[in-house]
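Numbering (our numbering), first residue to last: 1051 to 1420. From the three backbone atoms N, C-alpha and C, an ideal C-beta is built for every residue, glycine too.
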Ligand SMILES: Cc1ncc(COP(=O)(O)O)c(C=O)c1O
């Protein structure tokens, strides 16, 4: 009998050169933010097509700093999608402002631009769309709404390094773009995040705030803000640098898996994710939505028994205990977000996935209840 096929949900792309890059940092003894972080920032700025990139300790820290750079605080509102990783809304809460949730489009799982426009009030400080699972949000409509209300856009592009909307990389459209380098993303530093911006003043604010509020532009460093320690280490930066250099290859491999799923999954009891009409996704996740006849927990347990590490995709944030208790939301308030939360399943997808692993996922899913 042949070995059972085990398919994890995700698997970071770490090769020998990445390990050597990390080893070189360990041997140098210079572990904290230094030359490798600077090199990572240059690589991300070039990849995204922005003037400045600032690396920090996580994708949550990037969102927090991005919001603070607009002076977001108590009494303000920030518009976010109701379906995302909870960090999107937590970052707003951390500033003391209120997240105002808007339902998502059932195909792209991204914020509905018309709903976003309706949610704008006199208290709105920032619009924060998410490129969910790497699928580009409709930046044309979102920027139009932002401009007509003179509001800044922060793109939560946590999952979307390398994704494009209309020929331009996401994260380069808003006043700030925010990326996560968590291991579930296409490239990873273990934990980490990067901010992208074309505004040098904002980049300087990010650099000061990640480093205890220290301004080191003068002759002697001075502490000009009560900042955080949101720094990234050179160990983390060294791990991810080579991955960013081979990002296009990694995305092509991810797309090949997605294309196979699209061709060979029968979709008897679920909806497959679309391919973007404008731009491209980096295929951070392959997210299907089960129909009402299939229970998410049972389906996940079935896949687990087959050695397949599937999981639910993202949260309906207003229905998480903290938000429900604080703001009193109901499941019916954001029907598409709630459906995606209760019926969404992410199938394994990573660049080093073998044909045999993909076949096992396809045959197992197609064989469910057949
Ligand atoms: C859309 C979104 N925003 C923010 C985050 C937070 O990023 P991190 O885990 O790096 O803090 C995530 C993480 O998965 C995410 O998916």
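TODO: Look at the alpha carbon of residue 1307 and the alpha carbon of residue 1338, and state the distance between them as a whole number of angstroms.
DONE: 14 Å
Task: Nonlocal neighbours in the same chain, by C-beta distance under 8 Å from residue 1140, ignoring five residues either side - done: 1110
Open item on the list: Taking 7 Å as the threshold (C-beta atoms), are residue 1127 and residue 1154 in contact?
Closed with: no
Open item on the list: Using 7 Å as the threshold, is the C-beta distance between residue 1224 and residue 1203 below it?
Closed with: yes
- [ ] Return the chain-ordered list of same chain residues with a C-beta closer than 7 Å to the C-beta of residue 1336, the five sequence neighbours on each side being excluded.
- [x] 1308, 1311, 1323, 1396, 1397, 1399
- [ ] Go ahead and label residue 1416 buried or exposed: buried means 16 or more other beta carbons lie within 10 angstroms of its beta carbon, across all protein chains shown.
- [x] exposed
Task: Terminal residues of the beta strand (DSSP E) in which residue 1149 lies - done: 1148-1152
TODO: Using a threshold of 7 Å, state whether the C-beta atoms of residue 1146 and residue 1172 are closer than that.
DONE: no
Open item on the list: Suppose you measure from the CA of residue 1059 to the CA of residue 1277; what does that come to, to the nearest Å?
Closed with: 36 Å
Open item on the list: Applying the 10 Å Cβ sphere with the 16-neighbour rule, what's the burial state of residue 1325?
Closed with: exposed
Task: Local conformation of residue 1178 per DSSP, three classes - done: coil
Open item on the list: Runs of 4 residues minimum, wholly inside the stretch 1236-1323: which ones carry the alpha helix (DSSP H) assignment?
Closed with: 1250-1260, 1284-1295, 1297-1314
- [ ] My understanding is that residue 1291 touches residue 1089, with C-beta atoms under 8 Å, so please give their C-beta distance in whole angstroms.
- [x] 6 Å
- [ ] State buried or exposed for residue 1273, treating a residue as buried only when at least 16 other CB atoms are found within 10 Å of its CB.
- [x] exposed
Task: Buried versus exposed call for residue 1388 [16 or more other C-beta atoms within 10 Å across all chains shown] - done: buried
TODO: For residue 1082, count neighbouring Cβ atoms within 10 angstroms of its own Cβ and tell me buried if that reaches 16, exposed if not.
DONE: exposed
Open item on the list: Tell me the rounded alpha-carbon separation between residue 1402 and residue 1265.
Closed with: 42 Å
Open item on the list: At a threshold of 6 Å, does residue 1110 count as lining ligand 1 (C-beta to nearest heavy atom)?
Closed with: yes
- [ ] Return yes when at least one heavy atom of ligand 1 lies under 6 Å from the C-beta of residue 1176, else no.
- [x] no
Open item on the list: Could you tell me which whole beta strand (DSSP E) segments of length 3 or greater appear in the stretch 1082-1151?
Closed with: 1102-1106, 1127-1131
Task: Enclosing beta strand (DSSP E) for residue 1226 [first to last residue] - done: 1226-1230
Open item on the list: Distance check for residue 1392 and residue 1179, CA to CA, integer angstroms please.
Closed with: 21 Å
- [ ] Evaluate residue 1376 with the Cβ neighbour count: other Cβ atoms within 10 Å of its Cβ, from every protein chain shown; 16 or more gives buried, anything less gives exposed.
- [x] exposed
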